[in-house]
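Input: a single structure, listed below in structure tokens.
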Amino acid sequence: MLEIRNLHASVNGKEILKGINLTIKDGEVHALMGQNGAGKSTLSNVLVGNPAYEITEGTVLLNGKDLLAMKPEERAHEGVFMSFQHPVEIPGVSMVNFMRAAVNAKRKYHGEEPLSASDFLKLMREKRKIVELDNKLANRSVNEGFSGGEKKRNEIFQMAMLEPTFAILDETDSGLDVDALRIVAEGFNKLRTPQTSAMVITHYQRLLDYLKPDIVHVLLNGKIVKTAGPELAQEIETRGFDWIKEEIGL
Amino acid sequence: MTGGQKYISQNAEGALLISIPKNVQVEQPIRVTIERQPGEPLEEDRHICIEMGESASACIILDDKIKEADEPTKTKQEILVTAGENSKLQLYEVEETHFEHERKSQITVNQKAYSNVTLLSLTLLSGHTENTTTVHLNGEGAETNLLGGVIADGHQHVENHTLIDHAVPNCQSNELYKYVLDQDAVGVFEGRILVQKGAQKSVSQETNANLVSTKTARMFTQPALEIYADDVKCNHGATVGQLDEKALFYMQQRGIPYDEARMLLKFAFVGEVLDQIPLEAFRERLRHLVEKRICGELPSCGACKLCK
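These protein sequence lines are chains A and B, in that order. Each residue of the first sequence is one higher than the one before, starting from 157 at the first, in the numbering used here. Each residue of the second sequence is one higher than the one before, starting from 625 at the first, in the numbering used here.
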């Protein structure tokens, strides 16, 4: 369970998050919607410990542990995963070396032996099928020369390898064609368990049609201003955000 | 004797001569390991002469492994290479000495028509190193590939000065040097490509890229083109940068500890040079050595993939 209390954060001295309160229980999928600049990406970056963001107030607990006190890699080991809006290209580091370092670091953190080379490759083979990536994946450099769709599928592949308990999808649907969107969304759904929770950031209803969120929040000007069921996403799709602004007197 | 060891001899002055006769293709790499035995002088004057006969081919590995002694050690090295017409030579020089070693090395290569020479200079460990490499492309159709890799930390100082001389038309040269500097290391690269008058259709690509991972390490670089012909295709460039913070964070988000992420990025950076080594088994060995060297900063990084 993730509990965010009164979270304030700023970038380069400018306050972006102005008191976020949000609780995500195990197994729940929450959608976070809002206009550009509302603070959606800031919230996800703060949760994964991006050093570019400064937290000025508030707490975040993950299964009772103080998330904000952990290094980014420790948060990952505790089950936090983010599918990046812009996955980073890392020339010269192959996917197999990258993933092996990641998987084995997590195993070490939990007191487990590293996976043998053959077990690891077997695992990679199995997981890449979930998002229909081919067998050339292992030897390609991380995201280098990947198309937009491949990059997003690669994010979900990494999620499959790391089996997080709390996943953040930061505009994973941006730049995807209809088929790639389906592969990514179905891939994500296959990975869901009763313990997995997620925060999905999106501008569009079509991703949510696949993911079927339990709760939809609207983030405006650094605060969550409206929370409702999945029908809220549909309403935003047809009516935009202005009516919500009027409702709260903005 | 395996492969080409039989082509090695030593003259009265102690110079090493490696001479591959005309049309001989040496299958196995010729490996020369340079070590200093206890009691031997601390200073060494080394001369190596490599002669490739017409259409001969060979791969020569020079491992400079002078170990630490009670006092600082010193080497002065001179290597003279003659590549006959249509010959093919891969010469790999790996320095793995120690922090109290001073090395001055000069390699001069003379290439005849249609000869193809690949030179690698890899500085894994040293104290103060100055390598000077001069390649004369004296026959049409000659091709040279100059590769260099430097991994330096502590107070290491590593210089590479190169000159590729396109003396005649229709020759090709590629040059790639990469440095990874840490702590207080200092790197110097000076690369000059000279295209002489009349050396038309020369093709040359020179790149020097450097990763400076601390505020106290320093890199000085000067790539230079000097062209006296008017129908040539020459490029040169140099970069000095730091580790990619975005890549580091991406790796951390996946659970890779910061220090290990740094090592992976450094290794990837030098890896580009190693990728260009045609001899596969040797390439893999160098990868291993470079991994070990980069890992050396963290003697106990248990789960690190690089350390196994």
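Don't be surprised by glycine CBs; every beta carbon is placed ideally from N, CA and C.
Residue i (DSSP reduced to helix, strand or coil)
i	result
Q701(B)	strand
I690(B)	coil
V741(B)	strand
K870(B)	helix
V914(B)	helix
C795(B)	coil
A823(B)	coil
N418(A)	An answer regarding residue 418(A) cannot be provided, because it is not within the stretch 157 to 406 covered by chain A.
S166(A)	strand
D855(B)	coil
K196(A)	helix
E814(B)	strand
V897(B)	helix
K839(B)	coil
F397(A)	coil
D808(B)	coil
G708(B)	coil
Y803(B)	strand
F313(A)	helix
Q948(B)	The structure shown does not extend to residue 948(B), since chain B is modelled only from 625 to 932, so the question has no answer here.
F240(A)	coil
N832(B)	strand
Integer-rounded CB distance, given that residue j should sit under 8 Å from residue i
i	j	result
F240(A)	K283(A)	F240(A) to K283(A), Cβ: 18 Å. No contact.
D806(B)	T768(B)	Not a contact, Cβ separation roughly 30 Å.
E830(B)	H781(B)	E830(B) to H781(B), Cβ: 22 Å. No contact.
V804(B)	F893(B)	6 Å
L173(A)	H164(A)	6 Å
A833(B)	P847(B)	At roughly 11 Å, the Cβ-Cβ gap does not stay under 8 Å, so A833(B) and P847(B) are not in contact.
T845(B)	V864(B)	7 Å
I380(A)	E184(A)	At roughly 15 Å, the Cβ-Cβ gap does not stay under 8 Å, so I380(A) and E184(A) are not in contact.
Segment limits, beta strand (DSSP E) that includes residue i
i	result
R878(B)	Looking at the DSSP string, R878(B) is not in any beta strand (DSSP E), and its letter there is neither H nor E.
M157(A)	Note, M157(A): premise wrong, no beta strand (DSSP E); not H, not E.
H785(B)	H781 to H790
V216(A)	E210 to L218
Y716(B)	K712 to E720
Q846(B)	R842 to I851
T757(B)	H752 to L761
R655(B)	I654 to I658
S643(B)	L640 to I644
N734(B)	H725 to Q735
I404(A)	Element bounds for I404(A): n/a, residue is neither H nor E.
Residue i, enclosing alpha helix (DSSP H) - first and last residue
i	result
G301(A)	Note, G301(A): premise wrong, no alpha helix (DSSP H); not H, not E.
L376(A)	Not the alpha helix (DSSP H): L376(A) falls in the beta strand (DSSP E), residues I371 to L376.
G343(A)	V334 to L347
I286(A)	Counting along the chain, I286(A) falls outside any alpha helix (DSSP H), and DSSP gives it neither H nor E.
M255(A)	M251 to Y265
R231(A)	P228 to H233
Q361(A)	Q361 to L367
Test: residue i CB closer than 8 Å to a CB of chain A
i	result
R909(B)	no
L641(B)	no
E667(B)	no
C871(B)	The sequence shown places Ala at residue 871(B), not Cys. Output row for A871(B): interface = yes.
E896(B)	yes
is_contact[residue i, chain B] using C-beta, thresh 8 Å
i	result
A323(A)	no
L388(A)	no
N295(A)	no
V204(A)	yes
E402(A)	no
Partners in chain A for residue i, counting only beta-carbon separations shorter than 9 Å
i	result
Q886(B)	Note that residue 886(B) is Arg in the sequence shown here, rather than Gln. Ordered by position in chain A, no residue passes the 9 Å Cβ test against R886(B), which lies about 12 Å from the chain.
Where residue i meets chain A, residues with beta-carbon distance less than 8 Å
i	result
A862(B)	Those do not exist, as A862(B) stays about 18 Å from chain A at its closest Cβ, beyond 8 Å.
Contact set between residue i and chain B, taken where Cβ atoms lie within less than 9 Å
i	result
A232(A)	Q876, Q877, R878, G879 and I880
F240(A)	Y874 and Q877
Neighbour list for residue i in chain A, Cβ cutoff strictly below 7 Å
i	result
F893(B)	G248
Within chain B, the residues that residue i reaches when beta carbons sit closer than 8 Å
i	result
Q407(A)	It is not possible to answer for residue 407(A), since the shown part of chain A is limited to 157 through 406.
L318(A)	R878 and G879
Interface partners of residue i on chain B, CB under 7 Å
i	result
F313(A)	By Cβ distance, chain B contributes nothing, its closest Cβ being about 11 Å from F313(A), past 7 Å.
V244(A)	K870, A871 and Y874
P228(A)	F873, Q876 and Q877
Residue i: CB within 7 Å of a non-hydrogen atom of the ligand NAD
i	result
Q701(B)	Among the ligands in the structure shown, none appear at all, so the ligand NAD cannot be discussed.
Output, in sequence order along the chain, the residues in the stretch 254–272 of chain A whose CB is closer than 9 Å to any CB in chain D.
Absent here is chain D; the protein component of the structure consists of chains A and B.
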